[in-house]
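Scroll down for the structure; my scribbles are underneath it.
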Amino acid sequence: MSKSILALTVSLVDRHKLDIDPYAGITTDISFRGWPARPAPIRMRQVLVGPVHVTHYYSGMPPGLSLVAVPYYVLAKTWLWLVVTPEREKSVHDSYVRAVINPRRMPVEIVEEARRTERGEKHLTVILLNLFICIFGCSVMAGAMAAMFHRALTLLYPDLEERRRLVTTWLFSFGTLWFIYSPAIYHRVFSTFLCFSAFTLALPHSSFNVQHSAFSLQRSALILRALLFGALLGLAIATSYDMAIVAAALLIYAGWQWGKLWPWRWTAVGLLFFLILVAAYHTACFGAPWITPYATRVEGSVAPPLFRSSLFALRPLPSAFRRLFEFLFGSRYGFFFYSPLLLLAFPAVSLLLRARGNSSFIIHHSSLPQVAALAYAIFASLMAFHFVSGYDGLPGEFGFRMMKPAIPFLMLLAPLSYRWSYRYVVPVLAGLSAVILAKGVMFGIHAGRPFWSNYLELISRYGFANYTLANIKDHVMPDLSPWVISAIHLGALALVGLFLWRFVWRATADERQPQTNADDPY
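Residues in the sequence shown are numbered consecutively from 225, following the numbering used here.
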């Protein structure tokens, strides 16, 4: 998580301003506005060449998640004053300057800003707000995601045994790369949650079939659904710009599924509301609607490849085929290497083709063909975008985190292969996933460690960490106890389990009773 996201949140609440000038020293993911404006890529760990007079500093990330974090900060202010003191703020900030700012050879003006005590006056506040949102925000979101995923399975596979729907939900929540990132504040995780929420709204079910009887009531419900659908997609794009690819696929899916019955005007209203807000933010901060925070990044180590020049130590792969293999199965960031359970989605291609004209197959008169096409389109589009744009991995990355939006959609197709895979293949892939993800949890996505390194030595230092907690210990609070880290992380994951128990397990208790006479088509 970039601290500049929460720095913008703090600035909006405390200063009612869009710039983060007082907090420029607490994060490296910052953008600037100067004269003359130069919206050009900035090489990682290098200073912009040429005289530029910086007038203001801004968050280097899209503004959507900062806006969502505002209610959390307002709520956290009721207890932060009991914990945060000027002495603690100064101690934490000085530690950060020594550990991060100086080694990264930041531009001189940023280093000077960081060394000034007043520039770090909200550093501890941002850290504690980060932890607060991780526990009571991200974990709740992950639990809600699991409940929505189970609901989507119920609509798509009405004849599937309930126990298998529960197994699929647990495999998605705890057996894919989603498990590693969901308890941490990460803008692409939140935007994936928004897009999948929009997808569940576009799934047809009996209560929303628009008939001539009771037309006005059902039409009103559909209008509300379309408005929320557009708003979720708009906020997803405002949170992570590359989610426009997923949003476009979902709009096509809604048109394919509903046609003229879908209230497109209301979808446009919801979508344009957030897009206009983003354009206004870009204009106010950077001078034009099309200039994004990435264009004037001071330090671009996590900027998308299209907006930076990569200077990673790893050299580009020698061939397109080998690079494609690394994208899919390589140990650096291979999509299926870190989430092997997603391989179960691809036998669905042959099953869907075979099912045409077969009335006994489960997908007859269902929306599974459209959902499969949507999942494959999202996967292929994101893969092609990052392949063409020159993506070559990010520091500290565990798995292909740019591809997380494709994970829930592909996992929805896994039950199509259960006829032959449930007894033998699924347990093997689940065990392999457990080993891979346990390694990710152990070292908390520690930067600079390839997957095949021995991470056991890090357990004594980090405990069971995640992305946010490991970075806090590395850069800000080196004395943070591994036991505290483990307790915070496991507590956040316990909230996910609580959601599954309350809204999935208990809600389906009656359906899990043995069905002696039912034939299992899988």
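Quick reminder that beta carbons are idealized off the backbone N, C-alpha and C, glycines included.
- request: Can you give me the Cβ contacts of L637 inside the same chain, cut-off strictly under 7 Å, excluding the 5 residues immediately before and after it?
  value: Answer for L637: A569, A572, A596, A599, listed in chain order.
field: Beta bridge counterpart(s) of I254 as assigned by DSSP
entry: Looking at the DSSP assignment, I254 forms a beta bridge with S283.
field: Exposure label - Y465; buried when at least 16 CB within 10 Å
entry: Buried.
query: Distance, Cα to Cα, V391 vs H374?
result: Near 10 Å, if we compare the C-alpha coordinates of H374 and V391.
- prompt: Where S641 and Y686 are concerned, what is the direct C-alpha to C-alpha distance, given to the nearest angstrom?
  reply: Rounded to whole angstroms, the separation of the alpha carbons of Y686 and S641 is 38 Å.
- prompt: Buried or exposed: K628, going by 16 or more other Cβ atoms within 10 Å of its Cβ?
  reply: Result: buried.
task: Spatial neighbours of Y746 within its chain, please: CB distance less than 6 Å, with the 5 preceding and 5 following residues excluded, ordered by chain position.
output: Its pLDDT being 45, under 50, Y746 is placed unreliably by the model, and the measurement read from it follows with that caveat. Here Y746 has Y642, R643 as same chain residues with Cβ atoms under 6 Å from its own Cβ, once five neighbours each way along the sequence are excluded.
- request: Have a look at F611, G454, D238 and flag the residue whose alpha-carbon is nearest the alpha-carbon of L418.
  value: For L418, the closest C-alpha among the options F611, G454, D238 is that of G454.
field: Expected contact under 8 Å - CB spacing of Y505 and L242 to nearest Å
entry: About 7 Å; that satisfies the 8 Å criterion.
query: Helix, strand or coil for R343 per DSSP?
result: The predicted position of R343 is uncertain, since its pLDDT is 46 and thus under 50; a value taken from the coordinates is nonetheless stated next. Helix.
task: Kindly list the residues whose CB is nearer than 6 Å to the CB of F414, restricted to its own chain and excluding five residues on each side of it in sequence; keep chain order.
output: For F414, where only same-chain residues beyond five positions count, the Cβ hits under 6 Å are L289, T463.
query: Quick one: is Y648 buried, meaning 16 or more other Cβ sit within 10 Å of its Cβ, or exposed?
result: The residue in question, Y648, is exposed, as its Cβ has fewer than 16 Cβ neighbours within 10 Å.
task: Taking P246 as the reference, give the member of K346, F510, P487 with the closest Cα.
output: It is K346.
- request: Go ahead and pull the three-state DSSP assignment for R647.
  value: Per DSSP, reduced to three states, the secondary structure at R647 is coil, with no helix or strand assignment.
query: Hey, A450 and W490 are a contact pair by Cβ (cut 8 Å); roughly how many whole angstroms apart?
result: 4 Å between Cβ atoms; contact.
- request: Specify, as a first and last residue, the run of the alpha helix (DSSP H) that F553 falls within.
  value: Per DSSP, F553 lies in no alpha helix (DSSP H) and is assigned neither H nor E.
field: Coil, strand or helix - R521 by DSSP
entry: R521 carries a strand assignment under DSSP once its states are collapsed to helix, strand and coil.
- prompt: Would the region 604–616 and the region 397–408 be scored as touching if the rule is three or more Cβ pairs under 8 Å?
  reply: In short, these stretches do not touch, since the Cβ pair count stays below three.
message: Which same chain residues end up closer than 6 Å to S421 when comparing Cβ atoms and leaving out the 5 residues on each side of it in sequence?
response: So the qualifying residues of the chain are L456.
field: Backbone secondary structure at H713 - three-state DSSP
entry: In this structure, H713 counts as helix in the three-state DSSP scheme.
field: Where the alpha helix (DSSP H) through H240 begins and ends
entry: Per DSSP, H240 is not a residue of any alpha helix (DSSP H), being assigned neither H nor E.
- request: Please state if the CB of W486 and the CB of A478 are separated by a distance shorter than 7 Å.
  value: Contact: yes.
message: Going residue by residue through the region 404–472, where are the continuous alpha helix (DSSP H) segments of at least 4 residues, counting only ones entirely within it?
response: Taking only runs of at least 4 residues, the alpha helix (DSSP H) segments lying wholly in the region 404–472 are 411–426, 439–463.
- prompt: DSSP state of E313, grouped into three classes?
  reply: Taken through DSSP and simplified to helix, strand or coil, E313 comes out as helix.
field: Cβ-Cβ distance between L384 and P639 below 7 Å
entry: For the 7 Å CB-CB criterion, L384 and P639 form a contact.
query: CB-CB under 7 Å to S605, same chain, minus the five flanking residues each way: which ones, in chain order?
result: Once the five neighbours on either side are set aside, the close Cβ partners of S605 are I469, A473.
message: Suppose you measure from the CA of M285 to the CA of T416; what does that come to, to the nearest Å?
response: C-alpha separation (whole angstroms): 16 Å.
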